[in-house]
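Per full-length UniProt numbering, the sequence shown starts with residue 1, numbered consecutively.
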Amino acid sequence: MDVITNRIEKMKPAFEKIAANAYVSAIRDGFIASMPIILFSSLFILVAYVPNAWGYHWPTNVENNIMIAYNYSMGLLALFVTATTAKNLTDTKNLDLPKTNQMNSVSIILAAEIAFIISSIVQNKGGADLTYLGTQGLVASYLVGLIVPNIYYFCIKNNVTIKMPPQVPQNISQTFKDVIPMFLSVTVFWAFSLLLVTLTGKNLAQLIIALLAPIFSASDSYIGLAFIAGAMGFFWFVGVQGPSIVAPAVSAIEVTNTADNLNLIQAGHQATHVLAQNAQDYVMNMGGTGSTFILVFLFLFLARSKQLKALGKASFIPVSFSVNEPILFGAPIIMNPIFFVPFVVTPMVNICMFKFFIEVLGMNGMMYTMPWVIPAPIGILVSTGFAPLAFVFVILSLVVDAFIWMPFMRSYDNSLLAGENEKAKEEGLATATAGASDSDAEPETNNDGTVMASSTDSADSSDSDKTATDDDSTLDKETAVMVICAGGGTSGILANALNKMAKERNLPLSAAARAYGQDMNMIQDMDLVILAPQMESMKGNVKKITDKYGAKLATTSGKEYIELTRDPEKSLKFVKDHI
Numbered sequence: 001m002d003v004i005t006n007r008i009e010k011m012k013p014a015f016e017k018i019a020a021n022a023y024v025s026a027i028r029d030g031f032i033a034s035m036p037i038i039l040f041s042s043l044f045i046l047v048a049y050v051p052n053a054w055g056y057h058w059p060t061n062v063e064n065n066i067m068i069a070y071n072y073s074m075g076l077l078a079l080f081v082t083a084t085t086a087k088n089l090t091d092t093k094n095l096d097l098p099k100t101n102q103m104n105s106v107s108i109i110l111a112a113e114i115a116f117i118i119s120s121i122v123q124n125k126g127g128a129d130l131t132y133l134g135t136q137g138l139v140a141s142y143l144v145g146l147i148v149p150n151i152y153y154f155c156i157k158n159n160v161t162i163k164m165p166p167q168v169p170q171n172i173s174q175t176f177k178d179v180i181p182m183f184l185s186v187t188v189f190w191a192f193s194l195l196l197v198t199l200t201g202k203n204l205a206q207l208i209i210a211l212l213a214p215i216f217s218a219s220d221s222y223i224g225l226a227f228i229a230g231a232m233g234f235f236w237f238v239g240v241q242g243p244s245i246v247a248p249a250v251s252a253i254e255v256t257n258t259a260d261n262l263n264l265i266q267a268g269h270q271a272t273h274v275l276a277q278n279a280q281d282y283v284m285n286m287g288g289t290g291s292t293f294i295l296v297f298l299f300l301f302l303a304r305s306k307q308l309k310a311l312g313k314a315s316f317i318p319v320s321f322s323v324n325e326p327i328l329f330g331a332p333i334i335m336n337p338i339f340f341v342p343f344v345v346t347p348m349v350n351i352c353m354f355k356f357f358i359e360v361l362g363m364n365g366m367m368y369t370m371p372w373v374i375p376a377p378i379g380i381l382v383s384t385g386f387a388p389l390a391f392v393f394v395i396l397s398l399v400v401d402a403f404i405w406m407p408f409m410r411s412y413d414n415s416l417l418a419g420e421n422e423k424a425k426e427e428g429l430a431t432a433t434a435g436a437s438d439s440d441a442e443p444e445t446n447n448d449g450t451v452m453a454s455s456t457d458s459a460d461s462s463d464s465d466k467t468a469t470d471d472d473s474t475l476d477k478e479t480a481v482m483v484i485c486a487g488g489g490t491s492g493i494l495a496n497a498l499n500k501m502a503k504e505r506n507l508p509l510s511a512a513a514r515a516y517g518q519d520m521n522m523i524q525d526m527d528l529v530i531l532a533p534q535m536e537s538m539k540g541n542v543k544k545i546t547d548k549y550g551a552k553l554a555t556t557s558g559k560e561y562i563e564l565t566r567d568p569e570k571s572l573k574f575v576k577d578h579i
């Protein structure tokens, strides 16, 4: 097993490069930025269709009015994702340009949206079909959102722009500076769309859907689902945040499948698609990557070692809400050979069981998108429209997960317990020996007969002095701290601990928590950025931003980060040490 672990660890740099790639990051962060639209629109879906589970149906005119907000938010999702993807890639590429010659992100967003509309809208006699501005156009939106910033980058870097005399105000000069890049961006996609329609009869979005149809189908097979679920666990085990690599590849499929499931339900059919955003959140990653929801309760109620028992008590609340970094780094599970098999296999088993319930037993798939932090058992019930079989699936999956994790947990627990017992014996013997030595020892004296302090007393005194010094030291200026993790979960815990400590001591300290890629422009107002260990692969990208704005960057190990989230004193000291 050690040989396998060593080989896996050697692959880590390659996986980190993939996760940190500017284009992968732009797709992932662009999609994350659009999540409020997905969640907001889902509220209207819930109001419109959840009552159907209890036999109540709104009158048609009421249902249509409720769905207006959904149709003009989720129904235009790809258009919005085009903008967010282009914005994120623009911010990254601007780091490589001089501060006095930056790309205009607003102009890029406008050009990208125009190019996407040209590439995705379907003209017909009755007007325009907006179908591909929604979920079915997501892949096309990624392409447009990645290409347009590169056209601008080429123009700005090589000064292919209209230059105005220095007497012209800068805001006017910027307007003319953007004309050529915007013209090229729109013209390229206009000409390409005309060529595609002429040769294939399809626009860009339609052609991509047709070409990817086999992949969409394969992703819903047992092998495809197991591969996606296992890949997330495998990458996380290596130490690279799994969803950051896998999610950009499947997010378009998941959102499209969710929308298709809803359409099937509305048409009176079964929602048959398995792979959906919430299927990833609640089924594959029940309680976080690795499906650790049940594991933390095994630690809490069945562990005999003090370490796992304490870890279960401290972590069961965050893990219940899918923030499982406390046990990933606290046990640890990451790079721990004992847990490799259940960490990778459990998500695969869960999603295959889910497919069996849908395909064989006739349960509905996920038709709504709920926030990932909702406890998985509840999220599964809501997202499937409270399908009766969903209750059975939740209970069965928890039982199966417990059986998968149990032998590995027991093995690790026994090894920790043996170590704790051995340590207790050694400490008992050491205490007895030290007591005998202390009672026999004579106090040391100076030449004048003054009794000298023992080394133990000196150490205690030194520790007391050090503590007093630490307590007396305070921040002497307003300090802003930003904590960044993958989803904003553990970063929120650490930021809250810092804010609580600052309030209690009346310190000029404020902390904010963000998911990587969310509000990164806030860094310009920060003094210190703390990067969670799961985002180590993004260190290079974040370092460019902190260097640009003059903020300091601090990274942590897994164990240290979890300690910081639990110990406000230690987290405050960490900030002081890195300011």
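Don't be surprised by glycine CBs; every beta carbon is placed ideally from N, CA and C. Quick caveat, the model's predicted, so the values are computed rather than measured.
What three-state label does DSSP hand residue 525 in the structure shown?
For the purposes of this step, residue 525 is identified with residue 525 of the sequence shown, where counting begins at 1. Residue 525: helix per DSSP, three-state reduction.
If contacts are defined as beta-carbon pairs under 8 Å, then residue 205 and residue 287 qualify, I think. What distance do you get, rounded to the angstrom?
For the purposes of this step, residue 205 is identified with residue 205 of the sequence shown, where counting begins at 1. For the purposes of this step, residue 287 is identified with residue 287 of the sequence shown, where counting begins at 1. With a Cβ gap of about 36 Å, residue 205 and residue 287 do not count as contacting.
Per DSSP, what kind of secondary structure is residue 182 in: helix, strand or coil?
By 1-based counting over the sequence shown, the position of residue 182 is 182. The answer is helix: DSSP assigns residue 182 an H, G or I state.
Pull up the distance between the alpha-carbon of residue 383 and that of residue 209, whole angstroms please.
Taking the first residue of the sequence shown as 1, we reach residue 383 at position 383. Taking the first residue of the sequence shown as 1, we reach residue 209 at position 209. Straight-line Cα distance between these residues: approximately 25 Å.
Measure the C-alpha to C-alpha separation of residue 446 and residue 422 and round it to an integer number of angstroms.
Looking up residue 446 in the sequence shown gives position 446. Looking up residue 422 in the sequence shown gives position 422. Note on residue 446: pLDDT 45, under 50, position unreliable in the model; the coordinate value appears next. Each residue's alpha carbon lies about 41 Å from the other.
Could you name each continuous alpha helix (DSSP H) segment of 4 residues or more that falls completely within the stretch 23-61, going from the start of the chain to the end?
Those alpha helix (DSSP H) runs which fall completely within the stretch 23-61 and span 4+ residues are 35-49.
Determine whether the beta carbon atoms of residue 133 and residue 78 lie at a separation below 7 Å.
For this step, residue 133 is matched to residue 133 along the sequence shown. For this step, residue 78 is matched to residue 78 along the sequence shown. Yes, the pair counts as a contact, with Cβ atoms nearer than the cut-off.
On the CB-based measure, 16 or more other CB atoms within 10 Å of its CB, does residue 557 come out buried or exposed?
What you label residue 557 is simply residue 557 of the sequence shown in a count that begins at 1. Classification of residue 557: exposed, given that the 10 Å Cβ count is below 16.
Closest to residue 386 by CA distance: which of 478, 53, 371 and 161 is it?
The count along the sequence shown starts at 1 and reaches residue 386 at position 386. For residue 386, the nearest C-alpha among the options comes from 53.
What ranges does the alpha helix (DSSP H) occupy inside the stretch 212-273, keeping only unbroken runs of at least 4 residues that lie completely in it?
Correct list: 222-238 and 242-266.
Expressed to the nearest angstrom, what Euclidean distance is found between the alpha-carbon atoms of residue 410 and residue 317?
For the purposes of this step, residue 410 is taken as residue 410 along the sequence shown, with counting starting at 1. For the purposes of this step, residue 317 is taken as residue 317 along the sequence shown, with counting starting at 1. So the alpha carbons of these two residues sit roughly 22 Å apart.
Ignore the nearest five residues each way along the sequence and tell me which others in residue 442's own chain have a CB closer than 6 Å to its CB.
As a working note, residue 442 is residue 442 in the sequence shown. For residue 442, the predicted model reports a pLDDT of 48, less than 50, meaning its position is unreliable; a value from the coordinates is still stated below. Excluding sequence neighbours, residue 442 sits near nothing in its chain.
When the Cα atoms are used, what is the spatial distance from residue 576 to residue 475?
By one-based count along the sequence shown, residue 576 stands at place 576. By one-based count along the sequence shown, residue 475 stands at place 475. Going from the Cα of residue 576 to the Cα of residue 475 covers about 7 Å.
What's the gap between the Cα of residue 485 and the Cα of residue 546?
As a working mapping, residue 485 is identified with position 485 in the sequence shown. As a working mapping, residue 546 is identified with position 546 in the sequence shown. One C-alpha to the other measures close to 16 Å.
Would residue 90 and residue 145 qualify as a contact pair, given that the criterion is a beta-carbon distance under 7 Å?
As a first step, residue 90 must be located in the sequence shown, where it is residue number 90. As a first step, residue 145 must be located in the sequence shown, where it is residue number 145. Not a contact, by the Cβ cut-off of 7 Å.
Alpha helix (DSSP H) containing residue 75: first to last residue?
In the sequence shown, residue 75 corresponds to position 75, counting from 1. Unbroken run through residue 75: none, as it is neither H nor E.
Looking at C-alpha atoms only, which residue of 50, 56 and 24 is the closest neighbour of residue 143?
Stepping through the sequence shown from its first residue, residue 143 is reached at position 143. Residue 24 is the option with its Cα nearest to residue 143.
Nearest to residue 116 by alpha carbon, out of 530, 487, 130 and 480?
Translated into positions along the sequence shown, residue 116 becomes position 116. Checked all of 530, 487, 130 and 480; the closest Cα to residue 116 is 130.
Restricting to runs no shorter than 4 residues, where is the alpha helix (DSSP H) found entirely within the stretch 72-123?
Runs found: 77-94 and 105-120.
In terms of DSSP beta bridges, what is residue 482 paired with?
Walking along the sequence shown from the start, residue 482 turns up at place 482. According to DSSP, which records beta bridges pairwise, residue 482 is partnered with 512 and 529.
When the Cα atoms are used, what is the spatial distance from residue 279 to residue 225?
For the purposes of this step, residue 279 is identified with residue 279 of the sequence shown, where counting begins at 1. For the purposes of this step, residue 225 is identified with residue 225 of the sequence shown, where counting begins at 1. About 10 Å.
Roughly how many whole angstroms lie between the Cα atoms of residue 230 and residue 289?
Translated into the one-based positions of the sequence shown, residue 230 becomes position 230. Translated into the one-based positions of the sequence shown, residue 289 becomes position 289. Residue 230 and residue 289: Cα-Cα distance of roughly 10 Å.
Alpha carbons only, please: which of 551, 293 and 216 is nearest the one belonging to residue 374?
Stepping through the sequence shown from its first residue, residue 374 is reached at position 374. Among 551, 293 and 216, the Cα nearest to that of residue 374 is on 293.
For residue 338, which residues from the same chain have a beta carbon less than 7 Å from its beta carbon, with the 5 sequence-adjacent residues on both sides left out?
Here residue 338 corresponds to residue number 338 of the sequence shown, with the count starting at 1. Only 408, 411 and 412 meet the Cβ criterion.
Quick one: using the 10 Å Cβ neighbour count with 16 as the cut-off for buried, is residue 427 buried or exposed?
By 1-based counting over the sequence shown, the position of residue 427 is 427. Classification for residue 427: exposed.
Rounded to the nearest angstrom, what separates residue 439 and residue 424 at their Cα positions?
As a position in the sequence shown, residue 439 is number 439, starting the count at 1. As a position in the sequence shown, residue 424 is number 424, starting the count at 1. Because residue 439 carries a pLDDT of 49, less than 50, the predicted location of this residue cannot be relied on, and no value is offered for it.
Relative to the C-alpha of residue 585, which candidate in 536, 248 and 512 has its C-alpha closest?
The shown model of the chain, from 1 to 579, leaves out residue 585, and the question about it has no answer.
Please list the terminal residues of the continuous beta strand (DSSP E) segment that includes residue 552.
The count along the sequence shown starts at 1 and reaches residue 552 at position 552. It spans 552-555 - the beta strand (DSSP E) in which residue 552 sits, taken as one unbroken run.
I'd like to know whether the C-beta atoms of residue 544 and residue 95 end up nearer to each other than 7 Å.
Taking the first residue of the sequence shown as position 1, residue 544 is located at position 544. Taking the first residue of the sequence shown as position 1, residue 95 is located at position 95. For residue 544 and residue 95, yes; Cβs fall inside 7 Å.
With burial defined as no fewer than 16 other Cβ atoms inside 10 Å of the residue's Cβ, what is the status of residue 170: buried or exposed?
Here residue 170 refers to the residue found at position 170 when the sequence shown is read from its first residue. With fewer than 16 Cβ atoms within 10 Å of its Cβ, residue 170 is classed as exposed.
Going by beta-carbon coordinates alone, are residue 325 and residue 490 separated by less than 7 Å?
For the purposes of this step, residue 325 is taken as residue 325 along the sequence shown, with counting starting at 1. For the purposes of this step, residue 490 is taken as residue 490 along the sequence shown, with counting starting at 1. Yes, they are a contact pair.
Decide if residue 536 is buried, meaning its Cβ has at least 16 other Cβ atoms within 10 Å, or exposed.
On the sequence shown, residue 536 is found 536 positions in, with the first residue counted as 1. Residue 536 should be labelled buried.
Between which two residues does the beta strand (DSSP E) containing residue 128 stretch?
What you label residue 128 is simply residue 128 of the sequence shown in a count that begins at 1. Note, residue 128: beta strand (DSSP E), 127-129.
Buried or exposed for residue 29, please, with buried defined as at least 16 other CB atoms from any protein chain shown within 10 angstroms of its CB.
Locating residue 29 in the sequence shown gives position 29, where the first residue counts as 1. Classification for residue 29: buried.
Would you call residue 301 buried or exposed, if buried means 16 or more other Cβ atoms sit within 10 Å of its Cβ?
Position 301 of the sequence shown holds residue 301. It is exposed - the Cβ of residue 301 has fewer than 16 other Cβ atoms within 10 Å.
I'd like to know whether the C-beta atoms of residue 405 and residue 262 end up nearer to each other than 7 Å.
For this step, residue 405 is matched to residue 405 along the sequence shown. For this step, residue 262 is matched to residue 262 along the sequence shown. Contact: no.
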